[in-house]
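Data first, discussion second: the structure below is written as structure tokens.
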Amino acid sequence: MGAKQMKCLSSSSPAHTPKEEYIIAKSEDSGELVGNHTEQPQSLEDVVKSSATEPFPGPEHPGKEESSTWEEQLCAQQEQLEKEMQETRKMVTRLQALLLHGSLPEDEQTSTLSFGDSTSSEQQLILIRSRLDQSMEESLDLKRELLRYKQESRNLQAIKDALQQRMSVQEDSVLQLKQELLRSSMDREELEGQNVELERKLSERNRLLTEYKKELGQKDRLLQQQQSKLDDALRRISESYHRLSGCENNGYSHMMDTSSAVFQHRIGDELQLVRDALRSLRDSFSGHDPQHHTLDTLEQGVASLVDRLHTTENKKRQERKGSTRSPGRKANHTDRESWPSSSKIAHSHSSPVLSVAASTKVLYYTDRSLTPFLVNIPKRLGEVTLQDFKAAVDRHGSFRYHFKSLDPEFGTVKEEVFQDDAVIPGWEGKIVAWVEEDHGEGR
1 MGAKQMKCLS SSSPAHTPKE EYIIAKSEDS GELVGNHTEQ PQSLEDVVKS SATEPFPGPE
61 HPGKEESSTW EEQLCAQQEQ LEKEMQETRK MVTRLQALLL HGSLPEDEQT STLSFGDSTS
121 SEQQLILIRS RLDQSMEESL DLKRELLRYK QESRNLQAIK DALQQRMSVQ EDSVLQLKQE
181 LLRSSMDREE LEGQNVELER KLSERNRLLT EYKKELGQKD RLLQQQQSKL DDALRRISES
241 YHRLSGCENN GYSHMMDTSS AVFQHRIGDE LQLVRDALRS LRDSFSGHDP QHHTLDTLEQ
301 GVASLVDRLH TTENKKRQER KGSTRSPGRK ANHTDRESWP SSSKIAHSHS SPVLSVAAST
361 KVLYYTDRSL TPFLVNIPKR LGEVTLQDFK AAVDRHGSFR YHFKSLDPEF GTVKEEVFQD
421 DAVIPGWEGK IVAWVEEDHG EGR
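This is how it looks when you write it as structure tokens:
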């Protein structure tokens, strides 16, 4: 019976031989083994009983959580089966070691089984094959552990690489933050420098504003002084006019010629004084100061008042002398005497000269005022020269004079006149001119 059992063991490979049957057969045929192993079946039965009594981990039922899916349950069952298979392999290995060596691997017994002379070579071959199968199983286990350790090593290496990459990203972020911090510090220093510069400019502007306020106060006082002088001159002109009218109404017609000459002289002096005051005021303001318009209006009012005085005086003189003298020659003589000389009452800007039969209106613009000025020159259009225009404008300094004219080729143009004796071109019965300051630029 023992030979039959040995033949059964040798005919099948250890991978497909049920180890439990082999152990039971060996336990029943324990008398045929070597004498020093007579107690082996007892220990084998104990091992079988202990292994049978050991609770095997049953498959877990992943139905505890309602949210688990079918795939998760299947994976859990597969893992449980793998664990059970590994436990079974370990148990088979222990039983085989117990069969071959007479003890468990934990006992660390190095003694080998010794067979008697009666042991056949076939039995020894079976034992050697069993040991070989056991060694191969252990080798497979070691390979599996090696693969598992390699996989763990790869996972750790991947984690290490990921951590290193993350650390490099964080280092780049830290470097970028440092650069932004440095840039912010530089911007802050630049802003602080700009603030200091702006504060300095603000203090400079405040100082200039204080100086401008002082200058404006001085100009206001000067304007008040000139205004008082102008009012005084107008008052004296009005008093002279009233005295002249009183003398005429009282019948002193024989004194009119002398009074007219004195009145004309005084009017010329007063008008010259007004012109000087206005010129001084105009020079004290900047080129585009709005006070120029006020001065223009004031000068136009004074010129209009003088014009009305002269017109009224001439009419009264002509009416008074029309019955006693020849109206032709004497009137012309009286008119010429009543006109103030151009050197005394030739006025600048917008003050008009008294109109005569042969006169030309001149409308001109300047750099310092947006309002055009109107003057009358006692010459016909086509006879007025640049010298006459300069005398009528009466401006001090170097200027350039442009006149509106009609060119046969280009149409309406601005023509500049340089020579004093050159005739000024006209435009629709009058002269339109632009007076610009000459800053030394090449013509």
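Going letter by letter, the sequence shown gives residues 1 to 443 in UniProt numbering.
Backbone N, C-alpha and C define an ideal beta-carbon position, used for all residues, glycine too.
Owing to the predicted nature of the structure, the values given are computational and were not obtained by experimental measurement.
Looking at residue j and residue i, is the spacing between their C-beta atoms short of 9 Å?
{"i": "Gln300", "j": "Leu223", "result": "no"}
{"i": "Gln134", "j": "Ala97", "result": "yes"}
{"i": "Asn376", "j": "Lys361", "result": "yes"}
{"i": "Leu273", "j": "Lys229", "result": "yes"}
{"i": "Leu374", "j": "Gln419", "result": "no"}
{"i": "Val423", "j": "Gly382", "result": "yes"}
{"i": "Asp394", "j": "Arg275", "result": "yes"}
{"i": "Asp438", "j": "Arg400", "result": "yes"}
{"i": "Glu319", "j": "Leu244", "result": "no"}
For the alpha helix (DSSP H) that contains residue i, what are its first and last residues?
{"i": "Ala433", "result": "Unbroken run through Ala433 is the beta strand (DSSP E), Ile431 to Glu437; no alpha helix (DSSP H)."}
{"i": "Val393", "result": "Leu386 to Val393"}
Buried or exposed for residue i, going by 16 or more other Cβ atoms inside 10 Å?
{"i": "Asp296", "result": "buried"}
{"i": "Tyr364", "result": "buried"}
{"i": "Ser398", "result": "exposed"}
{"i": "Glu66", "result": "Low per-residue confidence applies at Glu66: pLDDT is 49, beneath 50, and the placement is therefore not dependable, though the value from the model is reported in the following sentence. Glu66 comes out exposed."}
{"i": "Thr366", "result": "buried"}
{"i": "Ser369", "result": "buried"}
{"i": "Met1", "result": "In this prediction, Met1 scores a pLDDT of 38, lower than 50, which makes its location untrustworthy; the coordinate-derived value is nonetheless stated afterwards. Exposed, by the Cβ-count rule."}
{"i": "Glu409", "result": "exposed"}
{"i": "Val302", "result": "buried"}
{"i": "Ala346", "result": "With a pLDDT of 39 at Ala346, under the threshold of 50, the predicted position of this residue should be treated as unreliable, though the coordinate-derived value follows. Buried."}
{"i": "Pro199", "result": "Correcting the residue type first, residue 199 is Glu in the shown sequence and not Pro. It counts as exposed."}
{"i": "Arg207", "result": "exposed"}
{"i": "Ile128", "result": "exposed"}
{"i": "Gln226", "result": "buried"}
{"i": "Glu72", "result": "exposed"}
{"i": "Arg166", "result": "exposed"}
{"i": "Ser348", "result": "Low confidence applies to Ser348: its pLDDT is 39, below 50, so where it sits in the model is not reliable, and the reading given next is rough at best. Buried, because 16 or more other Cβ atoms sit within 10 Å of the Cβ of Ser348."}
{"i": "Ala277", "result": "buried"}
{"i": "Ile159", "result": "exposed"}
{"i": "Val384", "result": "buried"}
{"i": "Val432", "result": "buried"}
{"i": "Tyr149", "result": "exposed"}
{"i": "residue 459", "result": "As displayed, the chain neither begins before 1 nor continues past 443, which places residue 459 out of reach and without an answer."}
{"i": "Arg183", "result": "exposed"}
{"i": "Arg154", "result": "exposed"}
{"i": "Arg317", "result": "buried"}
{"i": "Pro18", "result": "A caution first: Pro18 carries a pLDDT of 42, below 50, which makes its placement in the model too unreliable to give a value."}
{"i": "Gln170", "result": "exposed"}
{"i": "Ser11", "result": "Legend: pLDDT at Ser11 = 37, less than 50; position of this residue unreliable, value from coordinates given subsequently. By the neighbour-count rule (16 or more Cβ atoms within 10 Å), Ser11 is not buried but exposed."}
{"i": "Pro340", "result": "Any reading at Pro340 is ruled out, since the residue's pLDDT is 41, under 50, leaving its predicted position unreliable."}
Where does the unbroken beta strand (DSSP E) through residue i begin, and where does it stop?
{"i": "Val375", "result": "Phe373 to Ile377"}
{"i": "Glu416", "result": "Gly411 to Val417"}
{"i": "Leu406", "result": "Phe399 to Asp407"}
{"i": "Val362", "result": "Thr360 to Thr366"}
Closest to residue i by CA distance: which of the options is it?
{"i": "Ser359", "options": "Ala392, Asp367, Thr93 and Ser369", "result": "Ala392"}
{"i": "Pro378", "options": "Pro372, Leu370, Asp388 and Ser369", "result": "Asp388"}
{"i": "Glu428", "options": "Gln73, Thr412 and Arg183", "result": "Thr412"}
{"i": "Glu436", "options": "Ser184, Lys414, Ser120 and Gln77", "result": "Lys414"}
{"i": "Ala233", "options": "Gln226, Glu270 and Leu244", "result": "Glu270"}
{"i": "Ser405", "options": "His396, Asn314 and Gly426", "result": "Gly426"}
{"i": "Leu281", "options": "Asp220, Ser203 and Asp307", "result": "Asp220"}
{"i": "Asp307", "options": "Glu319, Thr371, Thr294 and Tyr241", "result": "Tyr241"}
{"i": "Leu140", "options": "Gln86, Gln151 and Gln77", "result": "Gln86"}
{"i": "Ser238", "options": "Gln151, Leu309, Asp172 and Glu145", "result": "Leu309"}
{"i": "Ser371", "options": "Leu191, Asp421 and Thr294", "result": "The question names Ser, but residue 371 is Thr in the sequence shown. Checking every option, the nearest Cα to that of Thr371 belongs to Thr294."}
Give the C-beta separation of residue i and residue j to the nearest angstrom, bearing in mind that I take them to be a contact with Cβ-Cβ under 8 Å.
{"i": "Leu163", "j": "Arg131", "result": "With 8 Å as the limit, Leu163 and Arg131 do not qualify as a contact, their Cβ atoms being about 47 Å apart."}
{"i": "Trp434", "j": "His402", "result": "4 Å"}
{"i": "Arg89", "j": "Glu137", "result": "7 Å"}
Is the shortest distance between the beta-carbon of residue i and the beta-carbons of chain C less than 9 Å?
{"i": "Leu273", "result": "Considering every chain present, this structure includes no chain C. It has just one protein chain."}
Can we count residue i as close to the ligand HEM, meaning its CB is less than 8 Å from some heavy atom?
{"i": "Gln165", "result": "Here there are no bound small molecules, and the ligand HEM is not part of this structure."}
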